[in-house]
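Heads up: the structure comes next, in structure tokens.
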Amino acid sequence: MKRYVLAHDLGTSGNKATLFDERGALVESRVTPYHMEVFNSNWAEQNPSVWWNAVCSSSKEVLSTIDPKEVAAVSFSGQMMGCLPVDREGKPLHNALLYCDQRSTEEEQEFIQELGFDQIYRITGHRPSSSYSLTKLLWFKKHRPDVYEKTYKVLQAKDYMNFMLTGVFATDYNDASGTNAFDLDSLQWSELILKAMDVPVSLFPEAYPSSTKIGEVHRKASEETLIPEGTPVIVGAGDGGCASLGAGSVSFGKPYIYMGSSSWVSIASKQHFPDPKKIGFTWAHPVAGLYQPCATMQTAGSSLSWFAKTHMADDTGKTLDSINDLAKSSKAGANGLFFLPYLMGERSPWWNTKAKGAFVGMDLSTTIQDHCRALLEGVAMNQKLNFAQMLSEIPDRRVMFIGGGALNTFLRQILSDVLDCEIVVPQFLTEATSMGAALLGGVGCGLYTDFSMIEHMNPVKQVVDPNRNNVGFYEDLTEQFAQLYRSLEPWFNR
Amino acid sequence: MYDRLILSHNLGTTGNKAVVYDEQGTIISSWLSLYRVIYKEGGKVEQDPHDWWRAVCESTKKVMRGINEKSIAVVTFSGQMMGCLCLDKAGDPIGNAIIWADMRSDKESKQLFNQIDEELFFHITGHKISASYTLSKLLWIMRNRPEVFAKTAKVVQAKDYIVFKLTGEIVTDYSDASGTNLFNLTKRQWSRTLTSIIGINPKILPEAIPSTQIAGCVTMEASVATGLLVGTPVVIGAGDGICASLGGGCTTEDDAYLYFGSSAWIGMVKQSPYWEPKMRTFNWSFIQPDQIAPCGTMQAAGASLDWLKDEIAREEVTQAELQHSYAQHLIEMLVTQSPPGANGLVFLPYLMGERSPYWNPQARGAFIGLKRNTRRCDMFRSCYEGVAMNLKIIWEALKPINKATELVVIGGQANSDTNKHIIADAFNIPVVSHNHLKDSKNFGAAVIGGLGIGMYENADVVKTLLHYERRILPNEENVEFYDRFLPLYEQAYTSLVDFYQNLDQFTNTKEG
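Here is the structure:
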């Protein structure tokens, strides 16, 4: 009986293979770690054979715990916004450039000059940036014509794995929407953009809804992975998209916050999200027909671990609990102290790489407790600025909170008060991407009836209600918070 | 046996320190009696004058143990300035004293701007209009406590009340008078213009006399309370800012000093006031009737560093307790691990608002420029540098009148070589300390007392009484760095001015 989905989460630090059964329960999980090659200060690459080897070994390990014949489908969540040029045979022509590779800043400028910032944002749902795939491809075109001339397709990480398993070149809408070359409205590669940049549309693989079966595991791949030949392969989605599914954002509305070292806020919308302030950006949702507006901040959880080092003299992170305890003994507004959490510049809402962190508002009565409180409030208020517009577009007032940061119980309450929303915490906080991939695999092969299966896979464990006494106060305080950033902006940009 | 000893009191904010000196300025004994600071909402800061008197009596008795009261040649005072204590006809306090740190009268001080031109005011008093001074505090009492004002016969400073308790004479000295915002600096008399503008009878202000003048002698009643001999001469003394100046060896045009305690100021002695074009600094009357002491004071200098220790450096405090060492040493070890500029981090030391150079009671403290790789040592260093940068602005403001080739640093923070190095580099001047840096105010008052009874001929005697320590020289590379760093610091403050104002209103509405 076919009763398992083999879901892979292909990240930048390793590949996690997981098995979910027909009831959506996580039964096995193995991680094969690997490294990122960082050089020239902001170049970042990975050899795709490292990915493949990790997928093979982790597949073998989890399949050794069951009868491999019971695998109903294979599916992937993958790191996004990369650029892997392959030839006609699917052989990599260069290491993959990763999302954080920033070598193509000149190409970014040319791209903006050619098409205009606003037009690119309107078509792709994203700001033009060297973070995305297109300018990386343009870098190859200019600096490595030898590679570019031979390029037959440009793939994302999971798409290359899918090719290795099936021999088929394909991608999904969600990953495609992280390339700066995909038209969000038509869900087609943007001929307008690609023509303007003189790149053939044919370089990009056909894009499908994320739960589409694109092929079956062929013999050679079966030998290397122990996945039986003929097992259906579901195209899957980018890790951001899969995380949305894992957070239960599978139908219209369904807001959630992910918080790890960085943090993003997101909803599921019915159309390409109009954001006149360009605070966030929009992906194609892994659930066909939906979109995934998103806004992301750089240092959320990492602000807390940084604070533990600088303010609590603790390099081990053991004081994270005491940060909470101390914060509780201060009060809403931290006695006039503000924290700007811009330790690595900021993306949403300010998009300023030069922004810096700050504590502002101390007097002689300001305590370390106030600092802890301001720290949590600063992260929460920044996400309020990022989330306000999205929340106003949907009826939902329940926000799912996932990621390692959601372990912080006091932060749940502060987010609830600041956002004026219920904060909902599910059972699994750090398995969302694997669950999303498994959900796509299960729905794609028919093992799961539909996407609402996520409610069984990751049931709600806690609901935190906003403290009504604080809601209005935090609304006003958030204005002060934004005002503080604007006041310091010229200093940051000097 | 001792002969010709000086009993010097320093009536500070946290307590009264009594020190007995011999003629050579050597400390024979000393005693500190603490008293309360009463904080109330709305920026109110008060003290009970009876606490002052009890502390003076107690510390006098303690400090005189083993000393024959006959050998006390003079009693004299250094006192906290800029306060407002209302006395009735009998000389009894009507309620608590409002002290220098009290900011309740911000509204009253702002209204004064409508009544008199700010620059004219500056040229009369030598000071800016500010809630820090006696004048606006008195206006607050007139408006809000009319029953107190109706009974008020005299408005005095802390040391004046104690001198009255000892001698029965109500007087003040020129220096303390020059810290009231009511005194005509160059004419050395209460300003008729100002008393008539605010509508008070000039008679409620005590007669102002030179700091070195004998105010009276210890009365029978005071003798019983303190143990001092009846008839012991009491020299009025001076405000602590002026006493520190003498304690810093600053008596001529060629001298400059930095008092670096909880607050900090840079002071000089000149023949005429310095009308700083932006009114960032101010002027006191000095002890000689023809001398003026230009000065710029910041609010939270050592106070910022103490705050750092108490709140952020808790780990170092714990470590120091375990190791039986000093937290300050552990903190300053970290400070030296961070380079000048603290990796781009700026600390604004405005934890009590600020007087010089910005005169902004709404200003608040800040760390600005935090990054992922900002370290604990950078945080610590930025605090030390932030205080030094604010002082550097004051130093630059006073530069046109500065003739000093070295800077004497006194006060509790002068113990720190880290501080002295940063000051030397920030100011680009050799820095030196001496053996009376912790008792500089008492020592300065003692010299004033000695001058008052003819023990010393002139103030320059301090230079022979003080023993100077080795000079700390500026590091050329760091000097250039801090010159470049200063604009960064100043811009950090100026970019926050509007925010400070909004925040103040926001806080007031939320609390109101």
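Those sequence lines, one after another, are chains E and D. Residues in the first sequence are numbered consecutively from 6, following our numbering. Residues in the second sequence are numbered consecutively from 1320, following our numbering. Virtual Cβ for every residue (Gly too), placed ideally from N, Cα, C. Given the structure is predicted, the values throughout are model-derived calculations rather than measurements.
Examine chain D for any beta-carbon lying closer than 8 Å to the beta-carbon of E/Asp481, and answer yes or no. Along the first sequence, one-based indexing puts residue 481 of chain E at 476. So yes, E/Asp481 belongs to the interface.
Quick one: what does DSSP say E/Ile328 is sitting in, helix, strand or coil? The count along the first sequence starts at 1 and reaches residue 328 of chain E at position 323. If DSSP states are grouped into helix, strand and coil, E/Ile328 belongs with the helices.
Can the beta-carbon of E/Ile161 be found closer than 8 Å to that of E/Asp180? Translated into positions along the first sequence, residue 161 of chain E becomes position 156. Translated into positions along the first sequence, residue 180 of chain E becomes position 175. Note that residue 161 of chain E corresponds to Gln in the displayed sequence, not to Ile. Yes, the pair counts as a contact, with Cβ atoms nearer than the cut-off.
Under 8 Å between the Cβ atoms of E/Gly87 and E/Ser138? If you number the first sequence from 1, residue 87 of chain E lands on position 82. If you number the first sequence from 1, residue 138 of chain E lands on position 133. A contact, by the Cβ cut-off of 8 Å.
Quick check on this structure: which residue in D/Leu1577, D/Ser1390, D/Leu1501, D/Ala1416 has the alpha carbon closest to the alpha carbon of D/Val1750? As a first step, residue 1750 of chain D must be located in the second sequence, where it is residue number 431. Here the closest residue by C-alpha is D/Leu1577.
Cutoff 8 Å: D/Met1671 Cβ touching any chain E Cβ: Start at 1 with the first residue of the second sequence, and residue 1671 of chain D comes out as number 352. Answer yes: the Cβ-Cβ gap between D/Met1671 and chain E drops below 8 Å somewhere.
For D/Asn1267, name the three-state secondary structure that DSSP assigns. Outside the shown range of chain D, which is 1320 to 1831, sits residue 1267 of chain D, and nothing can be said about it.
Applying a beta-carbon distance threshold of less than 9 Å, which residues of chain E neighbour D/Asp1817? Mapped onto the second sequence, residue 1817 of chain D falls at position 498. Ordered by position in chain E, the residues that pass the 9 Å Cβ test against D/Asp1817 are Gln488, Ser492.
Within the same chain, show all residues whose beta-carbon is closer than 6 Å to that of D/Leu1770, passing over the 5 residues directly before and after it, in chain order. Counted from its first residue, the second sequence places residue 1770 of chain D at position 451. Contacts found: Thr1531.
Since E/Ala332 contacts E/Cys377 with CB under 8 Å, what's their CB separation in whole angstroms? Along the first sequence, one-based indexing puts residue 332 of chain E at 327. Along the first sequence, one-based indexing puts residue 377 of chain E at 372. Going by Cβ atoms, the distance from E/Ala332 to E/Cys377 rounds to 4 Å, so yes, they are a contact pair.
When every heavy atom of the ligand SAM is checked, does at least one fall within less than 7 Å of the C-beta of E/Asp330? Looking for the ligand SAM in the displayed structure turns up nothing, as the structure carries no ligands at all.
Taking the alpha carbon of E/Ser500 as the point to measure from, which residue in E/Gly220, E/Val255, E/Pro90, E/Lys21 has its own alpha carbon closest? Missing from the structure shown is residue 500 of chain E; chain E here goes from 6 to 499 and no further.
Just checking: is the beta-carbon of D/Gly1660 within a distance shorter than 8 Å of some beta-carbon in chain E? Mapped onto the second sequence, residue 1660 of chain D falls at position 341. No, D/Gly1660 lies away from the interface with chain E (no Cβ there is under 8 Å from its Cβ).
Exposed or buried, D/Ala1632, counting other C-beta atoms within 10 Å across all chains shown (16 or more means buried)? In the second sequence, residue 1632 of chain D corresponds to position 313, counting from 1. When all chains shown are included, D/Ala1632 counts as buried.
D/Gly1831 to E/Ala393 span [Cα, whole Å]: Numbered from 1 along the second sequence, position 512 holds the residue referred to as residue 1831 of chain D. Numbered from 1 along the first sequence, position 388 holds the residue referred to as residue 393 of chain E. With a pLDDT of only 48 at D/Gly1831, under the threshold of 50, the placement of this residue in the model should not be trusted; the figure read from the coordinates follows. Distance between the alpha carbons of D/Gly1831 and E/Ala393: 28 Å.
Indicate the three-state DSSP secondary structure (helix, strand or coil) for E/Asp280 in the structure shown. Looking up residue 280 of chain E in the first sequence gives position 275. Looking at E/Asp280 - three-state DSSP - the assignment turns out to be coil, as it is neither helix nor strand.
8 Å Cβ cutoff, E/Asp203 in contact with chain D: Stepping through the first sequence from its first residue, residue 203 of chain E is reached at position 198. Taking Cβ atoms only, chain D never reaches closer than 8 Å to E/Asp203, which makes this a no.
Given a limit of 8 Å on CB to CB distance, which residues of the segment 1674-1692 of chain D reach chain E? Arg1683, Gly1684, Ala1685, Phe1686, Ile1687, Gly1688, Leu1689, Lys1690, Arg1691
Does the distance from the C-beta atom of D/Ile1767 to that of D/Cys1562 stay below 8 Å? Locating residue 1767 of chain D in the second sequence gives position 448, where the first residue counts as 1. Locating residue 1562 of chain D in the second sequence gives position 243, where the first residue counts as 1. Yes, they are a contact pair.
Helix, strand or coil for E/Lys74, going by three-state DSSP, please let me know. Walking along the first sequence from the start, residue 74 of chain E turns up at place 69. If DSSP states are grouped into helix, strand and coil, E/Lys74 belongs with the helices.
Same chain only: Cβ atoms within 6 Å of D/Gly1835, ignoring 5 sequence neighbours per side: Residue 1835 of chain D lies beyond the residue range present for chain D, which begins at 1320 and ends at 1831; the question has no answer from this structure.
Could you tell me whether the Cβ atoms of E/Met302 and E/Ser268 are closer together than 8 Å? Here residue 302 of chain E refers to the residue found at position 297 when the first sequence is read from its first residue. Here residue 268 of chain E refers to the residue found at position 263 when the first sequence is read from its first residue. In contact: E/Met302 and E/Ser268 (Cβ atoms closer than 8 Å).
Contact set between E/Ile373 and chain D, taken where Cβ atoms lie within less than 8 Å: Taking the first residue of the first sequence as position 1, residue 373 of chain E is located at position 368. Those within 8 Å of E/Ile373 in chain D are Glu1630, Ile1631, Arg1633.
Contact defined as beta carbons within less than 8 Å: I believe D/Lys1473 pairs with D/Ile1489. What is the distance between those atoms, to the nearest angstrom? On the second sequence, residue 1473 of chain D is found 154 positions in, with the first residue counted as 1. On the second sequence, residue 1489 of chain D is found 170 positions in, with the first residue counted as 1. Indeed they touch by this definition, with Cβ atoms about 5 Å apart.
Assigned secondary structure, D/Gln1647 (DSSP; H/G/I helix, E/B strand, else coil): If you number the second sequence from 1, residue 1647 of chain D lands on position 328. Here D/Gln1647 sits in helix by DSSP.
Residue environment, D/Ala1409, which counts as buried when at least 16 other CB atoms sit within 10 Å: Residue numbering aside, residue 1409 of chain D sits at position 90 when the second sequence is read from its first letter. Exposed, since its Cβ has fewer than 16 Cβ neighbours within 10 Å.
Give the single residue among D/Asn1387, D/Ser1397, D/Glu1388, D/Leu1353 whose Cα lies nearest to the Cα of D/Ser1378. On the second sequence, residue 1378 of chain D is found 59 positions in, with the first residue counted as 1. Nearest of D/Asn1387, D/Ser1397, D/Glu1388, D/Leu1353 to D/Ser1378, Cα basis: D/Leu1353.
Buried versus exposed call for E/Trp356 [16 or more other C-beta atoms within 10 Å across all chains shown]: Indexing the first sequence from 1 puts residue 356 of chain E at position 351. It counts as exposed.
Inter-residue Cα distance where the pair is E/Trp288 and E/Glu221: Here the question's residue 288 of chain E lines up with position 283 in the first sequence. Here the question's residue 221 of chain E lines up with position 216 in the first sequence. C-alpha separation (whole angstroms): 27 Å.
Which value, in whole angstroms, describes the spacing of the CA atoms of E/Glu427 and E/Ser271? For the purposes of this step, residue 427 of chain E is taken as the residue at position 422 of the first sequence. For the purposes of this step, residue 271 of chain E is taken as the residue at position 266 of the first sequence. Approximately 15 Å between the Cα atoms of the pair.
If you drop the 5 nearest sequence neighbours on each side, which residues of the same chain put their C-beta closer than 8 Å to that of D/Lys1313? Because chain D spans 1320 through 1831 in this model, residue 1313 of chain D falls outside it and cannot be assessed.
Counting Cβ pairs closer than 8 Å, one from the segment 234-246 of chain E and one from the segment 167-179 of chain E, do we hit at least three? yes
Output, in chain order, the set of chain D residues within a Cβ distance shorter than 8 Å of E/His316. Reading the first sequence from its first residue, position 311 is the one you call residue 316 of chain E. The contacting residues are Ile1631, Arg1695, Met1698.
Just the chain D side, please: which residues come within less than 7 Å of E/Met440 by C-beta, in chain order? Here residue 440 of chain E refers to the residue found at position 435 when the first sequence is read from its first residue. By Cβ distance, chain D contributes nothing, its closest Cβ being about 30 Å from E/Met440, past 7 Å.
Compare the C-beta of D/Gly1831 with all C-beta atoms of chain E and state if any pair is closer than 8 Å. Numbered from its first residue, the second sequence carries residue 1831 of chain D at position 512. Confidence in D/Gly1831 is poor, its pLDDT being 48 and thus under 50, which makes the residue's placement unreliable; the coordinate value appears in the next sentence. For D/Gly1831, the answer is no, since every Cβ of chain E falls outside 8 Å of its Cβ.
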